[in-house]
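The structure appears right after this line, and notes come after that.
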Amino acid sequence: MLDYLLSIIIWVGIIGNVILGILVYNRDSVSIINKLFVGLALSASAWAVSLYFFEHPIFFDSEIWLRITYLTVLVIINVFLQFSFIFPKRINKTMKIPLLTCGVSAIIFVYFIIFTDLFVANVVKESWGYHQTLGLIYPVFGIWAFLYSFWAVLNFFKSYRISQGFEKLQMQYLFLGMFFYAVIPLILDIVFPVFLKDSRFIWFSPVSASFFTAFIAISIMKHRLLGIRLILARSLAYTFLLLTFTIIYIIGILFLGSIFTKQSLSIYNILISIILALFISFSFQSLKKFFEMITDKIFYKDKYETDELLHEISQILVATIDLDNLTSGVLGILKENVHFVKGAVFILDENRNIDQVYIDKSRKYLFPTNDELKVLAKSHRFLIFEEMDEGREKEVMRRKELSLFIPLETKEKLVGYLIIGEKSSGDIYYKQDLSVFEILAPEFAVALTNAESFTKIQEFSKILEKKVKERTKELKETQKRELKKAKELLKLKDEFVFIASHELRTPVTAIDGYVGLIDRSKIKFDQDTKENFQAIEKANERLNQLVDDLLDVSRSESGTLKVSVNPVNLNQVITATLGRVKSLTDKKKVSVTLNLDSGNFLVLSDTEKLSDVMENLLSNAIKYNKPGGEIKISSERKDDCVQVDVKDTGFGIPKKLQDKVFSRFFRAKVPGTETEEGTGLGLFITKMLIEKMHGKMTFVSEEGKGSVFSFILPLAN
Numbered sequence: 001m002l003d004y005l006l007s008i009i010i011w012v013g014i015i016g017n018v019i020l021g022i023l024v025y026n027r028d029s030v031s032i033i034n035k036l037f038v039g040l041a042l043s044a045s046a047w048a049v050s051l052y053f054f055e056h057p058i059f060f061d062s063e064i065w066l067r068i069t070y071l072t073v074l075v076i077i078n079v080f081l082q083f084s085f086i087f088p089k090r091i092n093k094t095m096k097i098p099l100l101t102c103g104v105s106a107i108i109f110v111y112f113i114i115f116t117d118l119f120v121a122n123v124v125k126e127s128w129g130y131h132q133t134l135g136l137i138y139p140v141f142g143i144w145a146f147l148y149s150f151w152a153v154l155n156f157f158k159s160y161r162i163s164q165g166f167e168k169l170q171m172q173y174l175f176l177g178m179f180f181y182a183v184i185p186l187i188l189d190i191v192f193p194v195f196l197k198d199s200r201f202i203w204f205s206p207v208s209a210s211f212f213t214a215f216i217a218i219s220i221m222k223h224r225l226l227g228i229r230l231i232l233a234r235s236l237a238y239t240f241l242l243l244t245f246t247i248i249y250i251i252g253i254l255f256l257g258s259i260f261t262k263q264s265l266s267i268y269n270i271l272i273s274i275i276l277a278l279f280i281s282f283s284f285q286s287l288k289k290f291f292e293m294i295t296d297k298i299f300y301k302d303k304y305e306t307d308e309l310l311h312e313i314s315q316i317l318v319a320t321i322d323l324d325n326l327t328s329g330v331l332g333i334l335k336e337n338v339h340f341v342k343g344a345v346f347i348l349d350e351n352r353n354i355d356q357v358y359i360d361k362s363r364k365y366l367f368p369t370n371d372e373l374k375v376l377a378k379s380h381r382f383l384i385f386e387e388m389d390e391g392r393e394k395e396v397m398r399r400k401e402l403s404l405f406i407p408l409e410t411k412e413k414l415v416g417y418l419i420i421g422e423k424s425s426g427d428i429y430y431k432q433d434l435s436v437f438e439i440l441a442p443e444f445a446v447a448l449t450n451a452e453s454f455t456k457i458q459e460f461s462k463i464l465e466k467k468v469k470e471r472t473k474e475l476k477e478t479q480k481r482e483l484k485k486a487k488e489l490l491k492l493k494d495e496f497v498f499i500a501s502h503e504l505r506t507p508v509t510a511i512d513g514y515v516g517l518i519d520r521s522k523i524k525f526d527q528d529t530k531e532n533f534q535a536i537e538k539a540n541e542r543l544n545q546l547v548d549d550l551l552d553v554s555r556s557e558s559g560t561l562k563v564s565v566n567p568v569n570l571n572q573v574i575t576a577t578l579g580r581v582k583s584l585t586d587k588k589k590v591s592v593t594l595n596l597d598s599g600n601f602l603v604l605s606d607t608e609k610l611s612d613v614m615e616n617l618l619s620n621a622i623k624y625n626k627p628g629g630e631i632k633i634s635s636e637r638k639d640d641c642v643q644v645d646v647k648d649t650g651f652g653i654p655k656k657l658q659d660k661v662f663s664r665f666f667r668a669k670v671p672g673t674e675t676e677e678g679t680g681l682g683l684f685i686t687k688m689l690i691e692k693m694h695g696k697m698t699f700v701s702e703e704g705k706g707s708v709f710s711f712i713l714p715l716a717n
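Using UniProt numbering, you'd call the opening residue of the sequence shown number 1 and step up by one each time.
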């Protein structure tokens, strides 16, 4: 009797481990944790199976089954150790060495188990069962198994200690399962045979696999270990149902066999009965489906599979966000399978009035009005025409030729109603049909809510897009108006500058003439009068320069500034300009160094404008230089252009002002240059003229150290 009970416990553990392994693998076949758990569960089942057949040998003798048992133990310990290092998270970065030593030593033991008698010397059948004679290597194997099993259990204990919260609850049962799974075999398979010379209890060690299965199952059911709680619950229910029928079948067969055949029960009879019973149990559903499929094709051509129908609808609910496609898709699939005459979906607004109606492809519109809908909705329940009592509700259903009225509700609100007409065949709706609608209703309601929200977002996006376009149009029109005003103001300013410049030219010329007459007269004036005349002359020169500059600016902006580009000798222009400003360099005691390219290049430019450019640059270099400073003028050919640099050792331009250097009326207020006079148009005009001659103007300046102004002009071919 004990043998039978133990056999049942062992086989329950074997089957449980196989089921656990399959479920975990199907849950996530990529995860290394899941793969190792599957390996652990299946190797545990293989170990229990081989030990069972060691005690009840078939196919091979007990010694071969025992050797197979020890081979599975080697696999278990290796997988057990690796699993302990990474579950629930890696606890040791240097796990390669222990895993390598464990694996290599296991390979050595494989040799001794298969090819020598140093592991299992002999197996003898005794009255109580099979007795093994241990080989010389077995104690070494016992120490090896103990060390690595202890190491694995210690790893699980560490993981349990450092885990927190929900993870700790999962680890609690897992640790207990692993503990018993390791300790029971160590005691029964190693301690007893090696130290007590008694191997009769080896047959009991597979019970540890049942402990392992039980504790893992508890952790899965209570704390969702490995994420297969729901799958395991359904699988266990199905398995227990099959096992119940299997046990009843076995007991019945054995009982009847013992009565009619008068034969005693043997383990072989029981084993064969178990295998046949399990085969019948597990094949029952497949055979049932096969014969149902054949009979349904004959008697029920319109029958459908509920699971397949719900799966097909769920695909649409998940993948579709557009209301039209969602409702037409669901109604289409329902009509194709359930075969009703007409169907519709009513979506309600916040006041529970009809907001939108979606009809199936039949377009047979004979549906309740808003008031009739409120009559049907009073009961707040699923209405089935055949089951309704006579009254206003049933009268509306009859008048509108409706069979089903299904509220579509989420936890938060009533979304709408699904209304279905009569079946095409004239039959009533069966339990299968009603179950489909009951399961579908809440899921459909959620999908409709999501689709409705998406539609509102789309509508809001369109409104927003329209407003943005309108606002953009307004801004563009405003911008055009402002730009037009700015152009008009600029035109007025240019006209003013042009007129003012021309009007100033006459008095400037007159003043210049009178000053010249006074200068050439033979009248002798006192010193103060002479100085006054000189001041008038200088002021008139500045005014004349300002008029010229303003006219150049005005001509440039109006497009009337004429630049005649011809081959010009650059070195001659630089030398001539230097001669004109010599009086200024002498007055400020500034030295000038020339470092011109000996190529004597011809550049494409306007001689007069190029002279103005050089004069502006040299005047600035002298004016804003320090007394006794230096000016270096250099020219250099660069590909098909010539670059001219005018470098001074003056006060430089502050960094914060450098982006305004080429602006109109810009003057850098630097200590030491307060007394220098100017219009602030020189550099603006210089850059403008260089660009008119297809050149480029740049500068580099450092406050307190000076500036380098450069321009590039194209070479004449």
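Note that beta-carbon positions come from the ideal geometry of N, C-alpha and C, so glycine has one too.
Keep in mind the model is a prediction, meaning the values are calculated, not measured.
**Item:** Contained alpha helix (DSSP H) runs [length at least 4] in the stretch 31-71, N- to C-terminal order
**Value:** Counting whole runs of 4 or more residues, the stretch 31-71 contains the alpha helix (DSSP H) stretches 32-55.
**Prompt:** Going along the chain, which residues of its own chain have a beta-carbon closer than 7 Å to the beta-carbon of Ala447, five neighbours each way excluded?
**Reply:** In the sequence shown, counting from the first residue as 1, residue 447 sits at position 447. Within the same chain, Ala447 has close Cβ partners Leu317 and Leu326.
**Prompt:** Closest by CA to Lys692, which one among Lys562, Asp322, Lys638 and Ile19?
**Reply:** Taking the sequence shown and counting its residues from 1, the one referred to as residue 692 is at position 692. Of the candidates Lys562, Asp322, Lys638 and Ile19, the residue whose Cα lies closest to the Cα of Lys692 is Lys562.
**Item:** Contact set for Gly652: own chain, Cβ-Cβ below 8 Å, skip 5 residues either direction
**Value:** Counted from its first residue, the sequence shown places residue 652 at position 652. The residues are Val670, Ser701, Glu702, Glu703, Gly704, Lys705, Gly706 and Ser707.
**Residues near Gly426 by beta carbon distance below 7 Å, same chain, minus five either side** = Working through the sequence shown from its first residue, we reach residue 426 at position 426. For Gly426, where only same-chain residues beyond five positions count, there are no Cβ hits under 7 Å.
**Item:** Runs of beta strand (DSSP E) lying entirely within the stretch 367-426, each at least 3 residues, in chain order
**Value:** 402-409 and 414-421
**Prompt:** By Cβ distance, which residues of its chain are closer than 6 Å to Met397, with the 5 residues on each side in sequence left out?
**Reply:** Residue mapping note: residue 397 aligns to position 397 of the sequence shown, counting from 1. Only Phe385 meet the Cβ criterion.
**Prompt:** Tell me the DSSP bridge mates of Thr607?
**Reply:** Counting from one through the sequence shown, the residue named residue 607 turns up at place 607. In DSSP, Thr607 forms no bridge with anything.
**Asked** What is the residue span of the beta strand (DSSP E) that Ala668 lies within?
**Response** As a position in the sequence shown, residue 668 is number 668, starting the count at 1. Counting along the chain, Ala668 falls outside any beta strand (DSSP E), and DSSP gives it neither H nor E.
**Prompt:** Around the C-beta of Thr478, are 16 or more other C-beta atoms found within 10 angstroms, so that it is buried, or is it exposed?
**Reply:** For this step, residue 478 is matched to residue 478 along the sequence shown. By the 10 Å Cβ count, Thr478 comes out exposed.
**Asked** Just checking my contact of Leu602 with Pro567 at CB under 8 Å: how many whole Å lie between their CB atoms?
**Response** Position 602 of the sequence shown, counted from the first residue, corresponds to residue 602. Position 567 of the sequence shown, counted from the first residue, corresponds to residue 567. About 4 Å separates the two Cβ atoms, so the contact holds.
**Request:** Quick one: measure Cβ to Cβ for Tyr358 and Ala344, integer angstroms, because I've assumed they're closer than 8 Å.
**Result:** Position 358 of the sequence shown, counted from the first residue, corresponds to residue 358. Position 344 of the sequence shown, counted from the first residue, corresponds to residue 344. So it is a contact: roughly 6 Å between Cβ atoms.
**Prompt:** DSSP beta-bridge partners for Asp528?
**Reply:** In the sequence shown, counting from the first residue as 1, residue 528 sits at position 528. Partner(s): none; Asp528 has no beta bridge.
**Residues near Pro654 in its chain [Cβ-Cβ closer than 8 Å; skip 5 each side]** = Counted from its first residue, the sequence shown places residue 654 at position 654. Counting only Cβ-Cβ distances below 8 Å, and skipping sequence neighbours, we find Ala668, Val670 and Glu703.
**Item:** Arg580 - partner residues in DSSP beta bridges
**Value:** Residue numbering aside, residue 580 sits at position 580 when the sequence shown is read from its first letter. Per DSSP, none; premise fails for Arg580.
**Asked** Quick one: is Lys609 buried, meaning 16 or more other Cβ sit within 10 Å of its Cβ, or exposed?
**Response** Here the question's residue 609 lines up with position 609 in the sequence shown. That one is buried.
**Item:** Closer than 7 Å: Asn571 CB and nearest the ligand ZN heavy atom
**Value:** The model depicted lacks the ligand ZN and carries no ligand whatsoever.
**Request:** Give me the Cα-Cα distance between Pro193 and Leu134, rounded to the nearest whole angstrom.
**Result:** Within the sequence shown, the letter at position 193 stands for residue 193. Within the sequence shown, the letter at position 134 stands for residue 134. C-alpha separation (whole angstroms): 8 Å.
**Prompt:** Would DSSP call Gln122 helix, strand or coil?
**Reply:** What you label residue 122 is simply residue 122 of the sequence shown in a count that begins at 1. The sequence given here places Asn at residue 122; Gln does not occur at that position. Looking at Asn122 - three-state DSSP - the assignment turns out to be strand.
**Request:** Kindly indicate which residue of Val338, Val642 and Lys687 has the alpha-carbon position closest to the one of Glu615.
**Result:** As a position in the sequence shown, residue 615 is number 615, starting the count at 1. Measuring from the Cα of Glu615, the nearest candidate turns out to be Lys687.
**Prompt:** Which residue or residues does DSSP assign as beta-bridge partners of Ala344?
**Reply:** Mapped onto the sequence shown, residue 344 falls at position 344. Looking at the DSSP assignment, Ala344 forms a beta bridge with Ile359 and Ile419.
**Prompt:** Does the Cβ-Cβ distance between Val18 and Ser43 come in under 8 Å?
**Reply:** Locating residue 18 in the sequence shown gives position 18, where the first residue counts as 1. Locating residue 43 in the sequence shown gives position 43, where the first residue counts as 1. No. Outside cutoff.
**Local conformation of Pro139 per DSSP, three classes** = Residue 139 sits at position 139 when you count from the first residue of the sequence shown. It is helical.
**Message:** Buried or exposed for Tyr430, going by 16 or more other Cβ atoms inside 10 Å?
**Reply:** Position 430 of the sequence shown holds residue 430. It is exposed - the Cβ of Tyr430 has fewer than 16 other Cβ atoms within 10 Å.
**Request:** Give the secondary structure of Glu305 by DSSP, where H, G and I count as helix, E and B as strand, and everything else as coil.
**Result:** Taking the first residue of the sequence shown as 1, we reach residue 305 at position 305. Three-state result, Glu305: coil.
**Message:** If you reduce the DSSP assignment to three classes, tell me which class Val592 lands in.
**Reply:** Working through the sequence shown from its first residue, we reach residue 592 at position 592. Residue state, collapsed to three classes: strand.
**Item:** Gly706 in three-state terms, based on DSSP
**Value:** Numbered from its first residue, the sequence shown carries residue 706 at position 706. Here Gly706 carries a strand assignment [DSSP, helix/strand/coil].
**Message:** Going by C-alpha to C-alpha distance, which of Leu440, Lys660 and Lys587 sits closest to residue 764?
**Reply:** The chain is shown from 1 up to 717; residue 764 falls before or after that span and cannot be answered.
**Prompt:** For Asp355, which residues from the same chain have a beta carbon less than 7 Å from its beta carbon, with the 5 sequence-adjacent residues on both sides left out?
**Reply:** If you number the sequence shown from 1, residue 355 lands on position 355. Closer than 7 Å at the Cβ level, and outside the excluded window around Asp355, lie Ile347, Leu348 and Asp349.
**Asked** Does DSSP put Phe87 in a helix, a strand or coil?
**Response** Here residue 87 is taken as the residue at index 87 of the sequence shown, counted from 1. Residue state, collapsed to three classes: coil.
**Message:** Using the Cβ count rule (16 or more neighbours within 10 Å means buried), how would you classify Gly516?
**Reply:** Working through the sequence shown from its first residue, we reach residue 516 at position 516. Around the CB of Gly516, fewer than 16 other CB atoms lie within 10 Å, so the residue is classed as exposed.
**Prompt:** Who does Asp645 pair with in a DSSP beta bridge?
**Reply:** As a position in the sequence shown, residue 645 is number 645, starting the count at 1. Answer is Ser634 and Ser710.
**Request:** Along the beta strand (DSSP E) that carries Asn566, what are the first and last residues, could you check?
**Result:** On the sequence shown, residue 566 is found 566 positions in, with the first residue counted as 1. That run of the beta strand (DSSP E) goes Asn566 to Asn569.
**Prompt:** Does the beta-carbon of residue 737 have 16 or more other beta-carbons within 10 angstroms, so that it is buried, or is it exposed?
**Reply:** A query on residue 737 cannot be resolved here, the shown segment of the chain reaching from 1 to 717 and no further.
**Item:** Gly51 and Val123 closer than 8 Å at C-beta
**Value:** Residue mapping note: residue 51 aligns to position 51 of the sequence shown, counting from 1. Residue mapping note: residue 123 aligns to position 123 of the sequence shown, counting from 1. Note that residue 51 is Leu in the sequence shown here, rather than Gly. No. Outside cutoff.
**Straight-line Cα distance separating Leu71 from Val110** = To locate residue 110, count along the sequence shown from 1; it is residue 110. To locate residue 71, count along the sequence shown from 1; it is residue 71. Looking at the two C-alpha atoms, the distance is approximately 7 Å.
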